[in-house]
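**Q**
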Amino acid sequence: MKINKEKISAFFNRISPTLEKIGENKYLQTIMAAMMALLGPIILGSIAILISVYTAKFKITSLSNILSAISTVTIGSMALYLAFLMAKFLVHNFLNGKDDGTAAGIISLMSFLIMTPLGSIVSKKTTVAAIPSTWLSSQGVFSAMIIGLIVGRMYIYINQHGWTIKMPSSVPPMVSQAFASLIPGLVIGSIFGILSFLFSVSPFGSFHQMVFTLIQQPLKGIGGSIWAMILISLLMQILWFFGIHGTNVLLPLVTPQSGFQWMSKILMLFQRDTCLQTLLV
């Protein structure tokens, strides 16, 4: 069968404006920026896990504990960082740099923690409340993204409607910015507090569990397969061939699920599988 190159080229020329608009979408740009900002902690956590192989072999317990802590607060806490970064970059993108989004990021992080159910550790003498690390790692990535985007939009809405405390121009900027974020913080925090209660009495038990059960879990079989990764890479190269930024178009759509899922699986297997560790030692 002959392949008509002109028809293929014409087809891509027709869809090129649509794909470019997708790539310029502020929500997708926010996701991309947040993922790129996570690169540093991810690399640090990966290096810590690799070095821990040698510390375990030579039984350097004190250093192993430090490396374990580093991997826990980097790769094991990705959802926390995403909750902050999503709201921060969304506000920055929509308000065209008039607000750097830091206040929105802090409110988003607060909202994420409000929606996270507390656990408890029972010792011989007392019971200590604790935040389960389950929802701070890759399992909480989707809910962190959703919360970050919702909080970002709410913050933008409140800001654009002027529902903020405005201070005189003589007041230092850091003070006026702190007061400007008071009402958004109170409103958004209260709403998420109510939502957290409603989800706690639902069959799911928490917002994170609902997102994981209804969205993240079903997508595992699709986005996490090797064939899906091959198809995504192929589509990126095809788009690049026709002059479309394939990475900008597709990466924000697939990284939250397939990227974090594969990375978490590989690092988990590496930590547990002595055969893999032996290859490096």
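The sequence shown begins at 1 in full-length UniProt numbering and counts up by one.
Using N, Cα and C, we set each Cβ at its ideal position, and we do this for glycine too.
Is it true that the stretch 210-219 meets the stretch 177-186, where meeting means three or more beta-carbon pairs spaced less than 8 Å apart?
**A** Touching, no, given that fewer than three Cβ pairs across the two stretches are closer than 8 Å.
**Q** Given this structure, state the Cα-to-Cα distance separating residue 110 from residue 67, to the nearest angstrom.
**A** Going from the Cα of residue 110 to the Cα of residue 67 covers about 27 Å.
**Q** Would you call the CB atoms of residue 72 and residue 42 closer than 8 Å?
**A** No, the Cβ-Cβ distance between residue 72 and residue 42 is not below 8 Å.
**Q** Grab the span of the beta strand (DSSP E) containing residue 121 for me, first residue to last.
**A** From DSSP, the beta strand (DSSP E) with residue 121 extends over 119-122.
**Q** Using a 10 Å radius around the Cβ and a threshold of 16 neighbouring Cβ atoms, would you call residue 135 buried or exposed?
**A** Counting Cβ neighbours within 10 Å, residue 135 comes out buried, since at least 16 surround it.
**Q** Could you say if the stretch 80-99 and the stretch 52-67 meet the contact criterion of at least three C-beta pairs nearer than 8 Å?
**A** No, the stretch 80-99 does not touch the stretch 52-67.
**Q** Do residue 205 and residue 132 come within 8 Å of each other at the CB atom, strictly closer than that value?
**A** No.
**Q** Residue 201 lies in the alpha helix (DSSP H); which residues open and close that run?
**A** First-last for residue 201: undefined, no H or E at that position.
**Q** How about residue 130 and residue 120: do their beta carbons lie closer than 8 Å?
**A** Yes, they are a contact pair.
**Q** May I ask you to report which of helix, strand or coil DSSP gives residue 17?
**A** Note: residue 17 maps to helix in three-state DSSP.
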